[in-house]
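At position 107 of the sequence shown (counting the first as 1) the number is 107 in the UniProt record's numbering, and the numbers step up by one without a gap.
Virtual Cβ for every residue (Gly too), placed ideally from N, Cα, C.
Everything below concerns the one structure shown next.
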Amino acid sequence: MTVMVKLPVRLSSLNTERDHQIEHDRIQHTMSQQQQQIDPMQIPLPQLKAMHNTIGEEIETFTNSFAQLKQVHAKYNDCMESLGYMTPKSEGKTLLVPLTSSLYVPGELADLENVILDVGTGYYIEKPIPEAKDYYKRKIEYVKSNLDKLQETINDRRKRYGDLTDLINLRVALLQKEQGQAGKAQA
């Protein structure tokens with residue numbers, strides 16, 4: 001019997017993260033151009049609040065994506081660790097083989113040379129253990145790279161969110177001050 005090492009994510013979902021990064025870069029470029037051309041004090045308060053809400057939603061979306069990628073990274077590391085247990089001493093040992101996430105059946109290690117990898121969308125490939133380790137190493141590096149980029153994006157969004165919060169608070173304070181002075185002038 002061959003041990004199946006299952007991949008936790010489809011490549012298409014990782015492409016989505018790449019698409020998010022491309023969109024992020026486009027938005028960031030556009031916003032930096034707008035920041036150079038528009039005085040933030042001239043932007044209407046409702047528009048600032050809408051931008052604030054949008055950035056807050058982006059932070060939430062990116063944070064959720066980051067958590068999912070962290071899980072993927074951990075699963076890839078677990079798979080890599082599992083491959084380390086495939087030693088000659090393991091041959092013939094009894095283990096539990098997952099059929100579903102909640103159903104396991106007893107199995108026995110018979111082939112310590114090859115494993116079956118789930119490469120997503122229902123496709124499986126058989127690889128020798130050194131190639132499987134190399135495969136997981138590349139996947140771990142790829143996900144780590146995406147995690148780093150996503151963390152930068154989250155940090156950037158949090159900074160912008162804080163800057164917008166400060167700007168909105170300043171604008172509200174100025175409006176209240178103006179209204180207070182206008183009220184005194186009428187009295």
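- Of the residues Lys137, Gln176, Ala173 and Asn155, the one placed nearest Val72, counting alpha carbons only: Lys137
- Which full runs of the beta strand (DSSP E) of 3+ residues lie inside the segment 90-147, going along the chain? Complete beta strand (DSSP E) runs here, min 3: 94-98, 104-108, 114-120 and 123-128.
- Only counting runs of 3 or more residues, tell me where the beta strand (DSSP E) segments fall wholly within the segment 156-187, in order along the chain. none
- Message: Rounded to the nearest angstrom, what separates Lys87 and Val119 at their Cα positions?
- Response: For the record, residue 87 in the displayed sequence is Thr; it is not Lys. Computed Cα separation, rounded: 24 angstroms.
- Query: How far does the alpha helix (DSSP H) with Ile59 in it reach, from first residue to last?
  - Reply: Note, Ile59: alpha helix (DSSP H), Leu45 to Gly84.
- Item | Nearest to Thr63 (by Cα), restricted to the options Thr153, Leu170, Asn169 and Gln186 | The option with the nearest alpha carbon to Thr63 is Thr153.
- As assigned by DSSP and simplified to three states, the class of Ile38: Coil.
- For the segment 102-120 against the segment 42-62, are there 3 or more C-beta pairs whose distance is under 8 angstroms? no
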